[in-house]
Structures are given as structure tokens and as C-alpha cells.
Amino acid sequence: MYRYRRRLPGETRGREVVVSLCTRAFREAEHRAALLDREFDRALARARVDVAQAGKKTDLNAILRGYLRGILEGDGAGRPPLSMTSLRVLEHQLAKAREALANRDFGPVVGDLNRLAALHGVPAEDRFGLGIGVLEARVHAHQAAIRQVIGDMPAVFTERDEPANAPAGLRPPSPSTEGVAPAPTPEPSPVPTASALVEPFFVRRETIDRLSHHDMSQERTTLRLFMDVCGDKPVNAYGRGDVTRFLDMLRQLPKTYGKSTKDRDRRAADIIAAAPADAPRLTDKTVKRHHTALTQFLRFAVDGGHLTVAQHTELTAKHRFREEQKARDQRDTWTPEELRTLFRSPVWTGCAGPNRRSEPGSHIIRDARFWLPILALYHGARLEEFADLYRRDVWHDEGTWALRLVETKDNGEAGDRSLKSEAATRVIPLHAELIRLGFLAYVAKTAPNPNDPLFPDLAPQGKDCKRGPRITRWFVEYRRAIKVFRPGVAMHAFRHNAITRLRDTITDHQQERHVDFLMGHARQGSEGAVRYDKGPGLKAVAATLALLSYPEVDLSGLHVAGESDDRRAA
Numbered sequence: 010m011y012r013y014r015r016r017l018p019g020e021t022r023g024r025e026v027v028v029s030l031c032t033r034a035f036r037e038a039e040h041r042a043a044l045l046d047r048e049f050d051r052a053l054a055r056a057r058v059d060v061a062q063a064g065k066k067t068d069l070n071a072i073l074r075g076y077l078r079g080i081l082e083g084d085g086a087g088r089p090p091l092s093m094t095s096l097r098v099l100e101h102q103l104a105k106a107r108e109a110l111a112n113r114d115f116g117p118v119v120g121d122l123n124r125l126a127a128l129h130g131v132p133a134e135d136r137f138g139l140g141i142g143v144l145e146a147r148v149h150a151h152q153a154a155i156r157q158v159i160g161d162m163p164a165v166f167t168e169r170d171e172p173a174n175a176p177a178g179l180r181p182p183s184p185s186t187e188g189v190a191p192a193p194t195p196e197p198s199p200v201p202t203a204s205a206l207v208e209p210f211f212v213r214r215e216t217i218d219r220l221s222h223h224d225m226s227q228e229r230t231t232l233r234l235f236m237d238v239c240g241d242k243p244v245n246a247y248g249r250g251d252v253t254r255f256l257d258m259l260r261q262l263p264k265t266y267g268k269s270t271k272d273r274d275r276r277a278a279d280i281i282a283a284a285p286a287d288a289p290r291l292t293d294k295t296v297k298r299h300h301t302a303l304t305q306f307l308r309f310a311v312d313g314g315h316l317t318v319a320q321h322t323e324l325t326a327k328h329r330f331r332e333e334q335k336a337r338d339q340r341d342t343w344t345p346e347e348l349r350t351l352f353r354s355p356v357w358t359g360c361a362g363p364n365r366r367s368e369p370g371s372h373i374i375r376d377a378r379f380w381l382p383i384l385a386l387y388h389g390a391r392l393e394e395f396a397d398l399y400r401r402d403v404w405h406d407e408g409t410w411a412l413r414l415v416e417t418k419d420n421g422e423a424g425d426r427s428l429k430s431e432a433a434t435r436v437i438p439l440h441a442e443l444i445r446l447g448f449l450a451y452v453a454k455t456a457p458n459p460n461d462p463l464f465p466d467l468a469p470q471g472k473d474c475k476r477g478p479r480i481t482r483w484f485v486e487y488r489r490a491i492k493v494f495r496p497g498v499a500m501h502a503f504r505h506n507a508i509t510r511l512r513d514t515i516t517d518h519q520q521e522r523h524v525d526f527l528m529g530h531a532r533q534g535s536e537g538a539v540r541y542d543k544g545p546g547l548k549a550v551a552a553t554l555a556l557l558s559y560p561e562v563d564l565s566g567l568h569v570a571g572e573s574d575d576r577r578a579a
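Here is the structure:
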């Protein structure tokens, strides 16, 4: 049996490789030896290149140690003694630095990152690691400054005077190991998998984008389905075909997907296979929402340096969706007959009791179920804007009663109201019909204190603490019970009625502007006009709102004697 023998070069001189050629035929052995020679030479050339590149590898730890030391020395030089006020500022800066690190957001340090990369000749493939190190250094610098304020340590450290909890990548070598080559450490994969980016993505969605828990739950479903169909790969390993396959799968899912908690633990393919052949499928409107969520996730990967803009565009741009109805065709409104029937039903004419609202009786209960449909009918606001009102939101200004619609989720006030858009923040006049019906007296009695909810019978529910869903569910059953149910015509349809009636009545451009303001629509016009338009005057808007009327709805029997535009709720 012939063997192949080859001596190893360099420091391994004297050693050799011996491999059996697995043949006793000389010519065949000669051929196989020639092939092995060629492969051996190629492997040797590759090894030499790798060794040369390893010798030139950027020492990021040394760069980052110098960067951190420069920050600390610069912070300590000539700075006045730090105070407790400084401590609060530093704690805020530390929180922002940690947030940037969690989100892989290089924006706050891009100047330092570019300067260090240029100064030390950092190659493109090492820039991401350098960026993470700079963010870590910023976190550590703020921690060191805070410890200086509270007297735990000096502001500057040397290689022999190092904070015990310095990030591992920034610690200088100890004296006992100087001159000894550090043991090689495995480097993380330069491109994380999709699953590894999920939690950092939702940190950004919650803290920066301020997405509701409901919307984040929907986006989690999107990502779970995407990885179910396309696998959990490094984010730059996905192709356009993966996204197309994902969208095609969504179109096959039954419309009931997600209604059962068991769906979370089942594969999409199994759900599709188990669905009846004639079961309705997800609409393209829903498919498009999933596509938008996936696009946001992949944009986050771009921001982290894991995808290029070109790759993102290739993955997500110009996918085709079935054309939806025009906005005008989508808007269902209450017919005059339906409005007449609704407001002649037991809630407004007398019911049998709190738990028997659809049965005729002698009780008129003025709570959320009584007031919210009327408020929606005469103002056109969205359900959650009214359901989460508080006493502090009822104002009297310029001789006009008004309702203040603002976000309360992050402004320190009680409540968790989140508005649809910036334009939805507004103060709208109270329609005179609500005053005649005794709404101000109801407010004074039900919510005497500023932080009292106007509708305490609607307990907040879910992670987003919304009050509106309780009314939504009740209103479906109530409309069925009084025989006025029509799919697509619910609480939001009052908004369409109000907009249509007002636009059919107004006669000039200023009134058009008033309607947009009342409904919380985005301002129209140039950027400057929009930026400096703080909204029309309350009296002018009230005059336009007074044009809104419904001859088919007669609530005069519910008017409260003596109620007018007074200061009863003040």
C-alpha cells in the first residue's frame, strides 16, 4: 500500500505528514500524490495569509482602553466639584448611554467612532466591534463620574488603579501578565440571528417609539411567524424570496388565526392544513400590516450595522398587495333610521336595570353606556379619547366648556391614554346638546377631584390599561339585542357621521380647518404653516361644531332643567 509523505515547513521543520494513498497501483498512487501535493500547497498558502492577517489584527482593547482613559482624564481636568445636581444629570446621561448600548445605537458616538477608526486604521469589518466598545466606554465613564460624586473612587485610574467593575474588554493587563500574549478568545458572530435581535428591538419600540403593548404583541406575532416559515438565520442571510414566501403563507392562514391561545404553540403550516378549505383567509390589509412590522424589524437591523440599506430595500420594497377599497368606500355610517332606532332604545328611554340595558323599564342610568355614544355622535372623537377622560380634562375657557384630549401615558398624570397621532392632541368645545343633557352636572357628581375618571364604571384592562374595549364588546351585544346590528357600523361610525354632516354644512375654508382640528386630522399646508399653527380659537371652533345636528335624533326628553353654559363643573 503506497503512502504520501510531506515534511512541514517553518518551526515545525523535522515533522511530517503521512497519509495512506489506499492503492497498490503505482500510477494511481502517483496521481493521488500529485493531487495531495496541490491541495497541501493551497492550504499552506492560505495559512500564511491567515497568519499575516492575524499579525495585523486591530487591537480594539488597546484602542478602547486609551479612549476610556482619555474620557476620564478629560472629565477630571479643571472641572469644579460635582454636586448632587450633577449626580442627577449624570444618572440621566448613564440611562441614555445604557439605552444606546442596548439598542446598538451609534448615533450619539458616531463622531468618536469615526475619529478612532481613522486614527487607528480600523478596517470596516471591525467597526461594529469598535462601536460597541465605545458605547460600553461611555457607560463606564458615566459610572465612574457617579462614583466620584459619591466619593467611592478617583475620577482617573491608571493601569494599576483600575475600577473593579470595568468592562472586561476595557481592563488593562495586570502586571503579572505583562509581556505575555493573552489567550485567544472566541469572537462572537459579526451578524446576529433574527431571534437575538428580537428583545433589543422591542426595547427600542417601547422606549423610543413608545409603541403600545397591544401593537408590540402584534409585532411579536409577525416575527414569530416569519422565523417559523423562514428559519432563524443571521439577519443578512435572508433573501427577498424568504419575505415573499412569508407573505404568501400569511395569505393562506385562516382569518381566525390568533383568536385561540393555542395558535401560539402551533406551526403555521399545521394551522393552514387543519383549516377548512372554504374558511376565510387573512385579508391583504392584515398581510400588509405584518409586512410593515417586518420592515421595522429589518430597519432596526440596518441601524445596528447588520444589514445595508440596499439589502433592506431588496428584502422589503415593492411587494405587491391586493388593492384596498378607497377610503371613502370603507366608511360605513349610521343611517338616519338606525340612529332613530338606537336613541329610542332602552338605554335612553328607560331600561330594566344595570344588567338588563336592552330590556324596556323605568331606569335611565347615566354612566359610560349612556354618555359615550352621545359624545361620539356630537363630537366625532375616537372611543378611547373619550373613555379615558378625567375631571382635569373638562375645561372652561373663553366662556366655552371644552374637553382636553392629551396623552397621559408618560406625562406624569393619572391614566394611560395614548393618542393616535400628534394632531390628535387638542382641546375641543363641548357641544351644547351635551350641556342640555346635564353632562356638566354628571361630571361634578362623578368626578369631583382632578384625577377622578369621568367613567369609573369602565375599569382599565390589559397591559395598555384601556377602558374602551369594555364598551366595544357591550355595544356589539346591545345592538344585536335591539335589532340594529350591521357589521362595520359601530362606535367608530359615529365619527364618520359627524365628519360627513359637518362637511355637508360648512361653507368656507376656515370652517374646513375647524373640522380638521375637531377630528384630530393632520394639518394641511406647508411645513412652516403646520409647525406654527397652534390651532384655531376655541370660540370659533365651537361655532362650527354648533352646526352639527341630527333632526332624526330627539333627546329633548332627557334634557335637565336649568342646564345651560354655566360653571356647574368648575
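When we follow the numbering used here, the leftmost residue of the sequence shown carries the number 10, and every step to the right adds one. Where a beta carbon is used, it is the ideal one built from N, C-alpha and C, also for glycine. None of these values were measured; they are calculated from a predicted model.
One alpha carbon belongs to Leu324, the other to Thr265, and they sit about 28 Å apart.
Ranked by Cα distance from Ala111, the first of Pro209, Ile383, Thr455, Arg33 is Pro209. Residue state for Tyr11 is assigned as coil, using DSSP reduced to three classes.
Look at Cys31 here: in three-state DSSP terms it is coil, with no helix or strand label.
Not a single unbroken stretch of the beta strand (DSSP E) spanning 3 or more residues falls wholly within the region 185-269. Cβ-Cβ distances below 6 Å link Val524 to Leu511 in the same chain, with the five nearest sequence neighbours on each side left out; the list follows chain order. Leu567 carries a helical assignment under DSSP once its states are collapsed to helix, strand and coil. Beta bridge pairing from DSSP links Trp357 with no other residue. For the pair Tyr399 and Asp466, the CB atoms are not nearer than the 9 Å cut-off.
Between Leu446 and Leu564, the C-beta gap is smaller than 9 Å, which places the two residues in contact. Annotation: Leu234 to Thr202 spans about 15 Å, alpha carbon to alpha carbon. By the neighbour-count definition (other C-beta atoms within 10 Å, threshold 16), Met10 is an exposed residue. Shown here, Lys472 sits in coil according to DSSP, grouped into three states, outside any helix or strand. When the alpha-carbon of Thr270 is set against those of Ala499, Phe526, Thr230, the nearest one is in Thr230. Contact between Arg12 and Val26 is ruled out by a C-beta separation of about 10 Å, above the 8 Å threshold. Separation of Asp406 and Leu547 (C-alpha to C-alpha, rounded to the nearest whole angstrom) is 8 Å. When only Cα atoms are considered, Phe526 and Leu256 end up about 38 Å apart.
Judged by beta-carbon spacing, Thr434 lies within the 9 Å limit of Leu414, meaning their Cβ atoms are closer than that value. Here His151 is actually not in contact with Ile72; their C-beta atoms are around 20 Å apart, not less than 8 Å. In the three-state scheme derived from DSSP, where H, G and I count as helix and E and B as strand, Arg435 is classed as strand. When the alpha-carbon of Val436 is set against those of Gly529, Pro355, Val485, the nearest one is in Gly529. In this structure Pro438 touches Thr409 by the C-beta definition: roughly 5 Å separates them, less than 8 Å. Inter-residue distance for Asp241 and Gln157 is about 45 Å (C-alpha atoms, whole angstroms). Pairing His222 with Asp397 gives a Cβ-Cβ distance that is not under 9 Å.
Scanning the region 279-346 from its first residue to its last, the whole alpha helix (DSSP H) runs of 4-plus residues come out as 293-312, 318-325, 336-339. Apart from the 5 residues on each side of it in sequence, Val118 sits with its Cβ closer than 8 Å to the Cβ of Ala109, Gly140, Val143, Leu144, Arg147 in its chain, given in chain order. Inclusion of Asp121 and Tyr76 in the CB contact set at 9 Å is warranted, their separation being smaller than that value.
A direct Cα-to-Cα measurement between Leu53 and Leu45 gives close to 12 Å. According to the DSSP assignment, Asp406 belongs to the beta strand (DSSP E) that extends over 403-406. Separation of Asp251 and Ala319 (C-alpha to C-alpha, rounded to the nearest whole angstrom) is 16 Å.
Distance from the CA of Leu262 to the CA of Asp517, rounded to the nearest whole angstrom, comes to 48 Å.
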